[in-house]
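Each remark here refers to the structure printed beneath this line.
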Amino acid sequence: MCEGSGSQKDIYLPELATIRKKQKFTRLEMYYHVELDSEKELGHKAGQFVEVSIAGIGEAPISISSSPTQTGFELVVRNAGSVTNAIHNLDTGAKIGIRGPFGKGYPVDELKGKNIVFICGGLGLAPQRSFINYVLDNRDQYDDVEILLGTKCFEDRFYVDEITKWAQRSDVNFVETLDVGCDQWKGNVGVVTTIIPKVKTDLSKAHVLVCGPPIMYKFVLMSLAEAKVPKENIFVNLERRMKCGVGKCGHCQMNNQYVCQSGPVYRFSELGHVPEAI
Amino acid sequence: MWKLSKKDFQKFVTAMIGSDQQVVGVQAKGDRFAFGPLEQSEDLRLDYDVTLLPPKKYVLPQVETLMTYKIGGDYQSEMASEKLILLGVHPYDLIAINQMDKLFSQDQYDNHYMARRKNITMIACDVVTPSQNVFASSMGTAVVTEGYDILITEIGDGYVLDAATDKGKALMKLAPDATEASQDDLAKRKAVQDKNRTQLNKHPLECKPSYLPKLLERAYDHPIWEEKARTCYSCGSCNTTCPTCYCFDVQDDVNWDLATGKRWRAWDGCLLENFATVAGNHNFRKQRESRFRHRLYRKAKYIPEKIGGEIACVGCGRCITACIPDIANPVAIYNALLEDIGME
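Chains as they are written, first to last, in the working numbering: chain A, 1296 to 1573; chain B, 2 to 345.
See the structure below:
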């Protein structure tokens, strides 16, 4: 039998944290700023996730949407199940449980000095924002930065103040589109693939980071293949049902990969033997 | 090595039952067998063929509380502390537990599982009666060499006992009648084990188990998954009866006082329809054949990659017995693949 110390920490036990700020983003998404009660920083890397506990309801994996360069951490929670619904009902000052950070994040160091293109669909903006803000906080370490954002409709846009600032920056090419237009919207209309041609850098030499709903990957990856982006330069951020977060429970497994441990960010070329991934 | 007559062995079991540890042993349940708390030595049936459920339920219970809490936070770990003598574990089932020991301790140490495991005094026993669907000989799991505190082998008039650990040796103090096993006893023990190495084989696998990962590497898109899964009920019986399946679900319950609660885990199964469903109702393994294939790939490809190549099917045959449409037999699938795509 494998030995181990009985005093090792319980990998399933959450630590307490407090909601410091809460803001309604859309009809389904709520924004939270969270701090650990231990007053320690979470110590996450861009692209990692946490398990959020509501005692009596359960646990759900949520991407960290803030850069490690800021104090505390942020979550954007879509009301999509019992746990996330309970999170929506919590107010500022409420206690939640946190486990993590889990998973491998973005290759922050490897991409230094490179041209980076973020392609975000819907709630996929939240995890990507952790790296976008890291890059913007360390802007001189990265070459061209371009952000493509596709959202279903005008009411579903979130982090609006912030993306408005991204759009105004001269050192970022920010392009946004809505699947369905409306009177308030004067910008692009069409799915996110329709704005890929608006990328200024040579895509075949860029590093492209993709995060969005499952259906989006298929079409974005087809477009990137046409644009001759090498698979080695594409990173996808995948969603699965990470129940335990520590590679035991089996729910997030896709073929031999435990997304909670080897993901959720994957280099696309490394998914060749993982047909369940996309 | 010790020797006990059948009568003295029964006294040994009675002494264990009278000790401060709970004794769990194999007993008849209708016309089948099951592990359960042992109240008298006469109920122990070491001549059993196979139990309905594997003994993994004592290291990974069907339902297990992980923590308790007050609503609003303050979580407290809940750890198993009860000592247990697990009596009559067949070699293939012990090999499955040995594998889980690695899986739960490697990388991220699961102290809930490991606390239970360490509290067990494991008494294994060599198979006397082969079950109707056993194929442990094919999987190299008919005989076990590690993981037990005591290994019992029936040799006609009595038992040979191999007390392999300090825990096992301490327990032997409850058997003062034990004598040192003779050369003849040991020869008989070896004969039993040698026979089991080849005879626990109702479904002979036509390759070495070590070849299975390579076979599956070339079989991912084979039509057999769809053919077999066509009649699958997605009932998960193959998962719940399997000694190497360890996937679990985690849920919360609020107590009646509405002020406290607990979080527990329970067995889950990758054959069940919503195993890989995420919020928004997107199911990443929606097709029955993809779930059916996943189980076989976990057994013979994915888990072996985590535990040094060991195949996570121990040939107990329970899935074959449990499967109503009769599609779960791993050997039938592997042999059909071998026949169709051959060895490389």
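Using N, Cα and C, we set each Cβ at its ideal position, and we do this for glycine too.
When Cβ pairs closer than 8 Å are counted between the two stretches, the region 1338-1347 of chain A is seen to touch the region 1385-1401 of chain A, the count reaching three or more. Beta-bridge analysis with DSSP links K300(B) to no other residue. Nearest CB-CB separation between G74(B) and chain A: below the 7 Å threshold. In terms of Cα proximity to R198(B), the closest of L162(B), I153(B), M344(B), V144(B) is V144(B). For N1468(A), there is no enclosing alpha helix (DSSP H); the residue is found in the beta strand (DSSP E) stretching over 1468-1473.
Counting C-beta atoms within 10 angstroms of its own C-beta, W257(B) has fewer than 16 neighbours from the protein chains shown and is therefore classed as exposed. I1359(A) carries a strand assignment under DSSP once its states are collapsed to helix, strand and coil. Contact of E311(B) with chain A by beta-carbon distance below 9 Å is absent, the smallest such distance being about 14 Å. When DSSP states are grouped into helix, strand and coil, I72(B) belongs to the coil group.
With distances taken between CA atoms, I72(B) lies nearest to L1311(A) out of L1311(A), V1487(A), V1430(A), R1373(A). R289(B) sits in a helix when the DSSP states are folded into three classes. Annotation: the continuous beta strand (DSSP E) that includes K1319(A) extends over 1310-1319. Close CB contacts of H91(B) within its chain, under the 6 Å cut and outside five residues either way in sequence, are with V128 (chain order).
Counting other Cβ atoms within 10 Å of its Cβ, K229(B) reaches 16 or more and is therefore classed as buried.
Rounded to the nearest whole angstrom, the CA to CA distance from D1435(A) to L1406(A) is 12 Å. Within the region 93-152 of chain B, complete beta strand (DSSP E) segments of at least 3 residues are found at 121-126, given in chain order.
Annotation for G169(B): no beta strand (DSSP E) segment contains it, though the alpha helix (DSSP H) segment containing it runs 167-172. By the neighbour-count criterion, in which a residue is buried when 16 or more other Cβ atoms sit within 10 angstroms of its Cβ, N1532(A) is buried. Taking all protein chains shown into account, E1471(A) has 16 or more neighbouring C-beta atoms within 10 Å of its C-beta and is therefore buried. In this structure, DSSP gives N1532(A) an extended state, which the three-state scheme calls strand. The count of Cβ pairs closer than 8 Å, one atom from the region 119-138 of chain B and one from the region 190-210 of chain B, reaches three, so the stretches are in contact.
Annotated three-state conformation of W257(B) is coil, per DSSP. Counting only the Cα atoms, L5(B) lies some 7 Å from D178(B). Residues of the region 109-122 of chain B that bring their beta carbon within less than 8 Å of a beta carbon in chain A comprise Q109, Y110, D111, N112, H113, M115, A116, R118, K119, in sequence order.
Against chain A, the beta carbon of V279(B) has neighbours under 8 Å at E1534, R1535, R1536, listed in chain order. Annotation for K1513(A): I1573 place their beta carbon closer than 8 Å to its own, counting only its chain and skipping 5 residues before and after.
Close to chain B, meaning a Cβ-Cβ distance shorter than 7 Å, are the following residues of the region 1306-1318 of chain A: I1306, Y1307, L1308, P1309, L1311. Within chain B, no C-beta atom comes nearer than 7 Å to that of P1559(A); the closest sits roughly 12 Å away. Judged by DSSP secondary structure, M80(B) falls outside any alpha helix (DSSP H); it is assigned neither H nor E.
Of the residues assessed, H1568(A) falls on the exposed side of the cut-off, its CB having fewer than 16 other CB atoms within 10 angstroms. For S1518(A), the enclosing alpha helix (DSSP H) stretches over residues 1509-1521. Spanning the alpha carbons of R219(B) and I96(B) requires a straight line of approximately 27 Å. Contact between the region 1497-1513 of chain A and the region 1463-1481 of chain A is absent, with fewer than three C-beta pairs closer than 8 Å.
When DSSP states are grouped into helix, strand and coil, A35(B) belongs to the strand group. If you draw a 10 Å sphere on the C-beta of E155(B), you find 16 or more other C-beta atoms in it, and that means buried. With contacts defined by Cβ atoms closer than 7 Å, T245(B) and A313(B) form a contacting pair.
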